[in-house]
């Protein structure tokens, strides 16, 4: 049976994640120790103890989720898990996929996503941007609602995740208005995401050049497993 593996993005983080696995697999603590050395702070302590508000800051969320994903990947392989036919990642998770595919060096990736988070937060200070999932409305209708609330602010569809599920991003107030309008229009559910920046929208354009210069310093190797890109 063919296997594909998808690594998660921001919003899936929780305080205490991997706690049970750490007790069974030494590789978890080992890889967090390696990441902490690269970052110059105790990432494992933050992941296990929080506070949640600190973990949810994108400069912390991004390395935390990348390291968790890599730890799970290593557990999978050490436990005899088959090599996937393809790898992918949801937004940030694509970096985890690139580490698993040996495109990015682990230490390099940890500091890279830390910087990525810093640049993104600089573009939109905490509290000024938000993201939300909208379930149960056609994509075209969500796009139209966003357009109605984009006259004096920024809000747009950031991700088309699956039929009937999309994520919006933009200024906090505009996102809140679209969430309410979507409910009125018949959305089954709207969920504000636990993220500190509005990823994948025009508000991130300000960091494009700076991040491009950072990427110029990164060594990319040939993938040992195909990676499907999405972000």
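Residue numbers (my numbering): 120 to 350.
No residue lacks a Cβ here, since even glycine has one placed at the ideal position from N, Cα and C.
Under 7 Å between C-beta atoms of residue i and residue j
i, j, result
"residue 380", "residue 253", "What the structure shows of the chain is the stretch from 120 to 350, and residue 380 is not part of that stretch, so it cannot be assessed."
"residue 288", "residue 320", "yes"
"residue 205", "residue 345", "yes"
"residue 128", "residue 212", "yes"
"residue 339", "residue 262", "no"
"residue 239", "residue 177", "yes"
"residue 251", "residue 311", "yes"
"residue 314", "residue 294", "no"
"residue 122", "residue 203", "yes"
"residue 186", "residue 228", "no"
Per DSSP, cross-strand counterpart(s) of residue i
i, result
"residue 308", "254"
"residue 290", "248"
"residue 206", "124, 346"
"residue 274", "289"
"residue 284", "254, 281"
Same chain, Cβ closer than 6 Å to residue i, neighbours up to 5 away in sequence not counted
i, result
"residue 141", "147, 148"
"residue 169", "134"
"residue 125", "207"
"residue 325", "242"
"residue 333", "234"
"residue 268", "274, 293, 296, 297"
"residue 137", "147, 187"
"residue 199", "none"
"residue 307", "254, 255"
"residue 245", "315"
"residue 347", "205, 207"
Candidates the options, of which the one nearest residue i by Cα
i, options, result
"residue 152", "162, 223, 256", "162"
"residue 236", "329, 139, 123", "329"
"residue 243", "322, 158, 336", "322"
"residue 159", "226, 217, 335, 185", "226"
"residue 234", "203, 179, 303, 342", "179"
"residue 342", "197, 224, 245, 349", "224"
"residue 247", "272, 228, 267, 268", "272"
"residue 258", "283, 269, 185", "283"
"residue 337", "200, 278, 198, 218", "218"
"residue 279", "331, 349, 307, 138", "349"
"residue 150", "245, 189, 197, 331", "189"
"residue 201", "347, 270, 210, 120", "120"
"residue 131", "197, 210, 270", "210"
Chain C within 7 Å of residue i, Cβ atoms only
i, result
"residue 220", "Among the chains in the structure shown there is no chain C, since it carries only a single protein chain."
Inter-residue CB distance, residue i and residue j (contact presumed, cutoff 8 Å)
i, j, result
"residue 298", "residue 309", "4 Å"
"residue 232", "residue 167", "So it is not a contact: roughly 19 Å between Cβ atoms."
"residue 230", "residue 157", "6 Å"
"residue 191", "residue 183", "At roughly 13 Å, the Cβ-Cβ gap does not stay under 8 Å, so residue 191 and residue 183 are not in contact."
Contacts around residue i, its chain only, beta-carbon distance under 7 Å, and the 5 residues preceding and following it disregarded
i, result
"residue 144", "194"
"residue 260", "304"
"residue 285", "253, 258, 261, 276, 278, 279"
"residue 197", "146"
"residue 281", "none"
Cβ-heavy atom distance, residue i to the ligand SAM, below 6 Å
i, result
"residue 226", "Only the bare structure without any ligand can be found here, which leaves the ligand SAM out of the picture."
Spatial neighbours of residue i in its chain, beta-carbon cut-off 8 Å, leaving aside the 5 residues before and after
i, result
"residue 305", "255, 256"
"residue 165", "173, 174, 179, 183"
"residue 249", "288, 289, 290, 291, 294, 295, 311, 312, 314, 317"
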